[in-house]
Amino acid sequence: MSILGAVAVPHPPIILPEVGRGEELKISATTDAYKEISRRIVELEPETIVITSPHSVMYADYFHISPGPQASGDMSQFRAGQVALTVNYDVELAKKISDVASSAGVPAGTLGERNPSLDHGTMIPLRFLQQAGLDFNRTKFLRIGLSGLNAALHYKFGQSIKRATAEVGRRIFFIASGDLSHKLKSDGPYGFVKEGPVFDAQVMENLGGADFFKLLTMDEKICSRAAECGLRSFWIMAGALDSLDVHAERLSYEGTFGVGYGIVWMNVGRANPARNFDEQLARFKARESAKRKESEDAFVKLARHSLETFVRTHEPAALPNDLPAELLNRRAGAFVSLHKDGNLRGCIGTIMATRANLAEEILYNAISACSKDPRFDPVTADELDDIEYSVDVLGEPERVFSINDLDVKRYGVIVENGGRRGLLLPDLDGVDTVAEQIAIAKRKAGIRADEKVALWRFEVIRHH
């Protein structure tokens, strides 16, 4: 069998005595589990160990495989430079994975190296393997970064790793490095949100049951709010175990320092075509897309109609004949926001009415959101089924003179200084305070944080 097994592990620098200086004793369950899985890996005698790390080179639309024959790293970033390692890369397998991924339509390869040094997401598991007696002269490694692409493509990339491994006849072990939520405790380094413990519980349940379908379809808002870093590593691991029986063993979970650390071992069994989760995921996404379209109101349907027509024809759509009176008889500013896979994909709007009616406002702002937002490439035709829409119709802006008159959930904010104006909509994920709201609006306007601004507030009616 080409894939001997896999494991999900965290990478807290503090777990190393050279870094923790006694604090590591507070996460002894994680340490014990790490020692156990390292012992098991050494016994399996893999020819190559593949490690995915959130702290390796990461691109929004590309999986980076560390190039070259060798790499070194140390823990000097954490005042423990004496912890240093050098590994030999499996150049043949790296090339084969790149080729197989490319043929499968997955953007991956060894281009774009920015920092060849081993990151701590890689160093932590390597250090435990070294201490367990792994022969670094006989064993080769591959370090692979994550991407901003969706769950399906991470899974597909994992499938490419599995296929490439079989084609070169390599016996590999897969290590998915990644911490869980960073927001488990109010006195932790990143604070607390209620989604943090929820995320960790769901991930540990899904990994512990080898339920990769649930892992791939976790609620995107919960994942985003939880401030996790390992989920994409686990998605790739799931793909590498595609169509195989998997018996998972949960070895440890701790959140002592406000960050979730989980270790789950994956024993690999025989081939099982029923565990081909990319096909299940494709069917799930198709059902979700159909449900979204059925539930859209006239405002969102118009935005979708406008965007899809423009992307396919490069011409503005004509207004449909069956629009409600509110869209035809009212004038107001409106914003059209696009999301894909839980991430913003475009957002453009107008503060005040600029068109003959609200329908035209939405129609043309949808075109701008998909083609003129400078933060993103234009939306393409193959993305259309994955786009989620929201339309915010703006009320009249009201001048305010104190931040006490603002409410991040109820009101959007407009800031202005010397002709520079920035706007932020209300009730946005990840924007929890008025101070954050104003700071973001200032940045959008190119206004320095220390510059004074005039403030306006406005309410919206959100359609999604």
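Going by the working numbering, the sequence shown opens with residue 94, and the numbers climb by one from there.
For every residue, glycine included, the Cβ atom is placed at its ideal position computed from N, Cα and C.
Determine the direct distance from the alpha carbon of residue j to that of residue i, and round the result to whole angstroms.
{"i": "Val176", "j": "Ala164", "result": "15 Å"}
{"i": "Ile496", "j": "Ala532", "result": "12 Å"}
{"i": "Ala341", "j": "Ser146", "result": "21 Å"}
{"i": "Val112", "j": "Asp520", "result": "40 Å"}
{"i": "Pro40", "j": "Glu481", "result": "Nothing in the structure corresponds to residue 40, since the chain is present only between 94 and 557."}
{"i": "Gly205", "j": "Asp154", "result": "12 Å"}
{"i": "Leu227", "j": "Ser399", "result": "59 Å"}
{"i": "Ile142", "j": "Pro106", "result": "21 Å"}
{"i": "Gly98", "j": "Ala197", "result": "23 Å"}
{"i": "Ser195", "j": "Ala367", "result": "25 Å"}
{"i": "Leu395", "j": "Asp183", "result": "52 Å"}
{"i": "Leu412", "j": "Thr406", "result": "15 Å"}
{"i": "Lys238", "j": "Glu116", "result": "The residue asked about is misnamed: residue 238 is Gly in this sequence, not Lys. About 29 Å."}
{"i": "Ala379", "j": "Ala542", "result": "44 Å"}
{"i": "Ser121", "j": "Ala245", "result": "35 Å"}
{"i": "Ile455", "j": "Asp415", "result": "15 Å"}
{"i": "Asp498", "j": "Leu518", "result": "16 Å"}
{"i": "Pro110", "j": "Ile217", "result": "12 Å"}
{"i": "Ser159", "j": "Leu235", "result": "7 Å"}
{"i": "Leu308", "j": "Val199", "result": "20 Å"}
{"i": "Arg550", "j": "Val286", "result": "26 Å"}
{"i": "Asp479", "j": "Cys463", "result": "13 Å"}
{"i": "Met168", "j": "Pro409", "result": "55 Å"}
{"i": "Val361", "j": "Val486", "result": "53 Å"}
{"i": "Gly512", "j": "Pro490", "result": "16 Å"}
{"i": "Ala391", "j": "Arg318", "result": "30 Å"}
{"i": "Phe350", "j": "Lys119", "result": "9 Å"}
{"i": "Ala364", "j": "Gly251", "result": "16 Å"}
{"i": "Arg325", "j": "Ser240", "result": "8 Å"}
{"i": "Ile96", "j": "Val527", "result": "50 Å"}
{"i": "Gly353", "j": "Leu277", "result": "7 Å"}
{"i": "Gly442", "j": "Val484", "result": "9 Å"}
{"i": "Lys524", "j": "Lys545", "result": "Note that residue 524 is Val in the sequence shown here, rather than Lys. Near 21 Å, if we compare the C-alpha coordinates of Lys545 and Val524."}
{"i": "Arg560", "j": "Lys386", "result": "Any question about residue 560 goes unanswered here, given that the chain covers just 94 to 557."}
{"i": "Gly281", "j": "His275", "result": "8 Å"}
Would DSSP call residue i helix, strand or coil?
{"i": "Asp479", "result": "helix"}
{"i": "Asp470", "result": "coil"}
{"i": "His398", "result": "helix"}
{"i": "Tyr504", "result": "coil"}
{"i": "His213", "result": "helix"}
{"i": "Ala459", "result": "helix"}
{"i": "Met168", "result": "strand"}
{"i": "Tyr566", "result": "A query on residue 566 cannot be resolved here, the shown segment of the chain reaching from 94 to 557 and no further."}
{"i": "Ala333", "result": "helix"}
{"i": "Asp183", "result": "coil"}
{"i": "Leu517", "result": "strand"}
{"i": "Phe266", "result": "strand"}
{"i": "Gly161", "result": "coil"}
{"i": "Arg405", "result": "helix"}
{"i": "Arg492", "result": "strand"}
{"i": "Glu509", "result": "strand"}
{"i": "Gly174", "result": "strand"}
{"i": "Val261", "result": "helix"}
{"i": "Ser240", "result": "strand"}
{"i": "Gly98", "result": "strand"}
{"i": "Gly113", "result": "helix"}
{"i": "Thr124", "result": "helix"}
{"i": "Ala201", "result": "strand"}
{"i": "Leu118", "result": "helix"}
{"i": "Asp498", "result": "helix"}
{"i": "Ile142", "result": "strand"}
Am I right that residue i and residue j are in contact with their C-beta atoms under 8 Å? What's the rounded C-beta distance?
{"i": "Val296", "j": "Leu273", "result": "6 Å"}
{"i": "Tyr283", "j": "Ala320", "result": "6 Å"}
{"i": "Gly515", "j": "Ile540", "result": "7 Å"}
{"i": "Ser149", "j": "Thr215", "result": "7 Å"}
{"i": "Gly161", "j": "Leu211", "result": "Incorrect: roughly 12 Å between the Cβ atoms, too far for contact."}
{"i": "Val501", "j": "Ala534", "result": "11 Å between Cβ atoms; not a contact."}
{"i": "Asp125", "j": "Lys249", "result": "Not really, about 35 Å apart at Cβ, beyond 8 Å."}
Should the stretch 220 to 227 be regarded as contacting the stretch 123 to 132, the criterion being three or more beta carbon pairs within less than 8 Å?
-> The answer is yes - the stretch 123 to 132 touches the stretch 220 to 227, with three or more Cβ pairs under 8 Å.
Are there three or more Cβ pairs, one per stretch, closer than 8 Å when the stretch 435 to 446 is compared with the stretch 313 to 324?
-> At 8 Å Cβ cutoff, the stretches touch.
Determine contact between the stretch 252 to 261 and the stretch 331 to 340, defined as no fewer than three beta-carbon pairs at a distance below 8 Å.
-> Segments in contact, yes.
Touching or not, the stretch 134 to 145 and the stretch 262 to 280, by the rule of three or more beta carbon pairs under 8 Å?
-> Under the 8 Å Cβ criterion, the stretch 134 to 145 counts as touching the stretch 262 to 280, having at least three qualifying pairs.
Are the stretch 297 to 306 and the stretch 175 to 189 touching by the rule of at least three beta carbon pairs closer than 8 Å?
-> Inter-segment contact for the stretch 297 to 306 and the stretch 175 to 189 is absent: fewer than three beta-carbon pairs are separated by less than 8 Å.
Three or more beta-carbon pairs under 8 Å between the stretch 415 to 428 and the stretch 465 to 479, yes or no?
-> Taking one beta carbon from each stretch, the stretch 415 to 428 and the stretch 465 to 479 have fewer than 3 pairs nearer than 8 Å; the two do not touch.
Counting pairs of Cβ atoms below 8 Å between the stretch 442 to 460 and the stretch 409 to 423, do you hit three or more?
-> Yes: the two stretches touch, three or more of their Cβ pairs being nearer than 8 Å.
Whole runs of the beta strand (DSSP E) within the stretch 334 to 381, excluding any shorter than 3 residues = For the stretch 334 to 381, whole beta strand (DSSP E) runs of length 3 or above, ordered along the chain, are 337 to 347 and 354 to 364.
Note down, one range per segment and in chain order, each beta strand (DSSP E) of at least 3 residues found wholly within the stretch 414 to 441.
-> Whole beta strand (DSSP E) segments, 3+ residues: 427 to 433.
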